[in-house]
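Note sheet for the following structure.
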Amino acid sequence: MLQNKSFSRKTRQGKVIKVVREHYLRDDIYCGAPFCKVCDSSAARLSSTASTVLIVDTNVVLNQIDLLENEAIDDVVVLSVVLDEVKNKNLGVYNRLRALCKNSVKKFFVFSNEYHKDTYVKAMVGESPNDRNDRAIRVAAQWYQNHLGNATRVVLITNDRDNKRKAVEEGISAETGVVLEKDDQSIYLFVSVEAYVKSLGQPGLLDLLIQAPSEDVGMEDVEDLKPSKKKIIYTEHKPMSEINAGLNRGIFHQGNLLVNRYNPCEAYVRSASIGDEIIIYRRANMNRAFDGDVVAVELLPHEQWHEENSLSIADEEDEEEDDVHLVPSSADDAPRVTNQMQSSLGNANPISSRPSGRVVGVIKRNWHSYCGSLEPMPMPAGSGGVAHALFVSKDRRIPKIRIQTRQLGNLLDKRIIVAVDSWDCLCRYPSGHYVRTIGEIGDRDTETEVVLIENDIDARPFSSQVLACLPPLPWSVSSEDLENPIRQDLRHLRVFSVDPPGCKDIDDALHCTALPNGNFEVGVHIADVTNFVHPGSPLNDEATQRGTAVYLVERRIDMLPKPLTEDICSLRADVERLAFSVIWEMTPEAEIISARYTKSVIKSCAALSYVEAQARMDDSRLMDSVTTDLRNMNALAKVMRQRRIDRGALTLASAEVKFQIDTETHDPLDIGMYQIREANQMVEEFMLAANSSVAEKILSHFPLCSLLRRHPSPTKEMLEPLLRTATAGGLNLDVSTSKALADSLDRAVGDDPYFNKLIRILATRCMPQAVYFCSEDLTPPEFYHYGLSAPLYTHFTSPIRRYADVIVHWLLAAALGIYKLPGIFQDRPQLTSIADNLNYRHGNARMASRASVGLHTLIYFRKRFGIEGSVYLAPRNDKGGGEWLVDEQQQKVKKTDGSISFGVLQTVRIHIKVVEPQPNRPKLQLTLI
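Numbering (my numbering), first residue to last: 40 to 968.
Here you go:
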């Protein structure tokens, strides 16, 4: 059946045109119930024993997605009209709903009511799109009732009172407050979310429901958590119309709020309109904004741009000062620095040149689920009822969240997940709801899962659809692969790999052959992952979302399934494998004479660790072919490295540590600094060269859709902390160019052998992050990679671990005429979106790795007695008098009586122990000895 859908659209020229589209209706769309006697049961997704089939409206999905994800909720019909509405209103919830519908364990079925001849509804004259969609939901629910008959009970879940009223008018049984009994034989009910959840007989499920904004819990009420009298805690957010007008007039400034990780009472907003960071001091001025929110900020008067104690780190006890949340009595009175704050440094704060401001509105929320625990509290009398509790996030940037729970006794010693629902200006804390329990506080597996959740790392097992994309094991190179004209047989080459010890996902190998003319043929061979990962496949879709592998101390979260990463694609020794090769002819001075690129078949003769490769090169008694190749490659790499450094490439450093892990308990047995050897640098040099060569190749063929990687030059503001520290240490760093900075860092030596590395670590932390981008989005001067001092760069050498490399493999294959360029490269917004997701995923993976190191460091020092942390200024043997003074110019802190003085870069002795200043927030405390 054909229906015509029409709507009006205004063109850019202002003309209104009528658009008519054909809408095909069918009568063979299945209901998804296996017990249906009319539909084809082969397409069934619902349970064969389902006693109740649920239909949910749009608002239920948007507001109660945490409930829908619970295992107790199943046999749900998701109407296509609901799916489309959710997609338009909240893409994050839409993706979670789609995941539920694809999950083979969950029984969620998508019914295309918009294309079924009996459930499609045309908009009536004067009917709003929302009312039309609500009517479509009611019609589809009635159709299910009639279609399934007495086979099961159909329940439409909604909290929409207007929907209920219209349902009654249309003759639908609407019993919003009813509690369903298991033996209730009603065929169709129109039920509220709460009523349905109560009917399941699981009180804990009620904790998952979003709660309406309620009264505030004041600081004076924390002990018993009874609601306090209403009072204005924060100023009202301005309406969007006023915010937009203020932004247009330059009165307000828009940007992302970034809360200080070490002092949650301080935040920053990078404003493009003024080209500087606006500092937001104190929670009152943050005005209910969360870290990551897009906010509108109003600048305070210049005389109120006080520079707070930037060297202080707010301790846990300081986070809840009585006045930290309270707003002035008048909305126009900006908060002032208190005498207590001014005297904390022994003198009043000077007027700062850095702009200070306050949040006047939230343009886009960044709320999501948070990991943490409940603040310890006594069990209320008559336990078992609803209790109010305060949730404390592991992330100090997140304020406490007030929740209601019916299972307080079971949650006090657990890590749990809580989602935010609302934050009223009358409430000291935001309101939220319990989502799920992770595990016991302090348990290593529990705390590791917290790290993954906090950094949005998907550690779920790969789905059956993804695994179905893999070739069966055991896999080997076929005769078709060897005979394929696009693939060169390089099995005769002496190829070897050099990786960390125990590496199983080997995605790069090397060869170096001396040529008769005195030059060398050098090859970088990369696992041919795109031979198995195809555009549009479930395997590719999964890799697109994950973006990168994540390396924790005790395990790896793969981007691709292990059969691919550790077997089929891994370039292991003594097995034939498919590769994508970059092969150069080089002079002994490492000058590239020619370069070629080819799909290949290789057979590695050795899989070496960095330690083994270094030992071979250092042992003068060894003269075998592989050792000779290693030495030749190392000689070339040294020349290449020096050439990069002479060009201005930076040699930075990080405080990397390594752990020895117990193979049974996975607890850390020992901790030490990660050692970089010449073998590491040799491999790095040839990977950099391959990435640069491939970047030039793909950009020459696809100037508008190449995926590249850039490292923006650091701004003067970014480098200011490094310069202040260097000056205080008697160093003069030139940061005018990367070359000047590199030379300055080479000269930054002191008596302590660790001094130079410390300066390089500080320089690393002042750098912006390198990012992926689409070549059409920027101009060539912006392609520059500051750290490498390279005009062009990309990632090609780790497709097992990084999805960016998979994309680059497709580009290189298309540039060589091997394959046609996939369709995503014709869709610039999609390619830009992929690049943005890659940057997000790589940043999260980096943070998760650091957090894993921090967790295992804590575990190691808790059981016993390269680590970094905040050192408190009160030494354990401090018997001096006076207050502490901060000398920003000299980068020193000292007592007013002159008894004690400390400066940056000074070597000190510290005492380390694990403390718990706030319940369930253990940390390492470093105190001066």
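Quick reminder that beta carbons are idealized off the backbone N, C-alpha and C, glycines included. No experiment lies behind these values; they were computed from the predicted model shown.
Residue i: buried (16+ other C-beta within 10 angstroms of its C-beta) or exposed?
i, result
"V308", "buried"
"R655", "buried"
"E980", "The displayed coordinates of the chain run from 40 to 968. Any statement about residue 980 would go beyond what the structure contains."
"T946", "exposed"
"R948", "exposed"
"M721", "buried"
"D808", "Note on residue identity: the sequence assigns Gln, not Asp, to residue 808. So Q808 ends up on the exposed side."
"P838", "buried"
"T776", "exposed"
"P303", "buried"
"V144", "exposed"
"R288", "exposed"
"I176", "buried"
"Y63", "exposed"
"Q714", "exposed"
"I480", "buried"
"E124", "buried"
"T818", "exposed"
With a CB to CB cut of under 7 angstroms and the five nearest residues on each side skipped, what residues in its chain are close to residue i?
i, result
"S90", "T191 and R192"
"N730", "Y832, T833, H834, F835 and T836"
"L339", "A373, S395, G396 and R397"
"D482", "none"
"L877", "G586, Y811, Y842 and A843"
What residues in its chain sit with their C-beta under 6 angstroms from that of residue i, if we drop five residues either side in the sequence?
i, result
"V366", "Below a pLDDT of 50, predicted positions are generally treated as unreliable, and V366, at 34, falls in that range; the measurement from the model is reported next regardless. Here the set comprises Y273, T274 and A323."
"E312", "At residue 312 the sequence reads Ser, which differs from the Glu that was named. Hits under 6 angstroms: H292."
"V298", "A306, D330 and R436"
"R174", "V160"
"M380", "Because the pLDDT at M380 is just 32, under 50, the model does not fix this residue reliably, and the value given afterwards should be weighed accordingly. No residues qualify anywhere along the chain."
"P751", "P807"
"C608", "A566, V568 and I839"
"A765", "L772"
"K439", "L429, V431 and Y468"
"K451", "The sequence given here places Leu at residue 451; Lys does not occur at that position. L413."
"R171", "A162"
"M325", "A306, I319 and V398"
"R135", "I104"
Who does residue i pair with in a DSSP beta bridge?
i, result
"T91", "R192"
"M625", "F559 and I631"
"A335", "Q293 and G400"
"Q964", "K952"
"W923", "K934"
"H531", "DSSP output for H531 lists no bridge partner at all."
"G942", "K931"
"V99", "DSSP output for V99 lists no bridge partner at all."
"H427", "Q443"
"A306", "V298 and I319"
"V115", "L93 and F147"
Locate the alpha helix (DSSP H) running through residue i, then write down its first and last residues.
i, result
"Y811", "From DSSP, Y811 is part of no alpha helix (DSSP H) but of the beta strand (DSSP E) over V810 to C813."
"V614", "Careful: V614 lies outside any alpha helix (DSSP H) and carries neither H nor E."
"S238", "V232 to S238"
"L512", "No alpha helix (DSSP H) contains L512, which DSSP labels as neither H nor E."
Counting only the same chain and skipping the five closest in sequence on each side, list residues whose C-beta sits under 8 angstroms from that of residue i.
i, result
"H472", "D105, D246, L247, L248, I249, Q250, I442, Q443, V457, A458 and D460"
"I972", "Because the chain here runs from 40 to 968, residue 972 falls outside it and cannot be looked at."
"K146", "R84, L85, S86, A89, D113, D114 and V115"
For chain D, find out if any of its Cβ atoms is closer than 7 angstroms to the Cβ of residue i; answer yes or no.
i, result
"N883", "Note that chain D does not occur in the displayed structure, where there is just one protein chain."
Over the uninterrupted beta strand (DSSP E) stretch that includes residue i, give me the two end residues.
i, result
"G285", "It is not in any beta strand (DSSP E) - G285 instead sits in the alpha helix (DSSP H) that spans M279 to R288."
"R475", "S470 to E479"
"V568", "It is not in any beta strand (DSSP E) - V568 carries neither H nor E in the DSSP assignment."
"E547", "Checking the displayed sequence, the identity of residue 547 turns out to be Asp instead of Glu. First-last of the beta strand (DSSP E) with D547: D547 to A553."
"A802", "Per DSSP, A802 belongs to no beta strand (DSSP E); it is in the alpha helix (DSSP H), F794 to R804."
"S777", "That residue, S777, is in no beta strand (DSSP E); its alpha helix (DSSP H) goes S777 to R786."
"G411", "S408 to L413"
Every unbroken alpha helix (DSSP H) inside the stretch 739 to 770 [4 residues or more]: For the stretch 739 to 770, the full-length alpha helix (DSSP H) segments reaching 4 residues or more read 755 to 767 along the chain.
Ordered list of beta strand (DSSP E) runs contained in the stretch 628 to 701, each at least 3 residues: DSSP runs (the beta strand (DSSP E)) wholly in the stretch 628 to 701: 631 to 648 and 696 to 700.
Extract the residue ranges of the alpha helix (DSSP H) inside the stretch 431 to 466, only unbroken runs of 4 or more that lie entirely within it. Counting only runs of 4 or more, we get 447 to 450.
Pick out the complete alpha helix (DSSP H) segments inside the stretch 816 to 867, 4 residues or longer, and give them in chain order. Complete alpha helix (DSSP H) runs here, min 4: 842 to 854.
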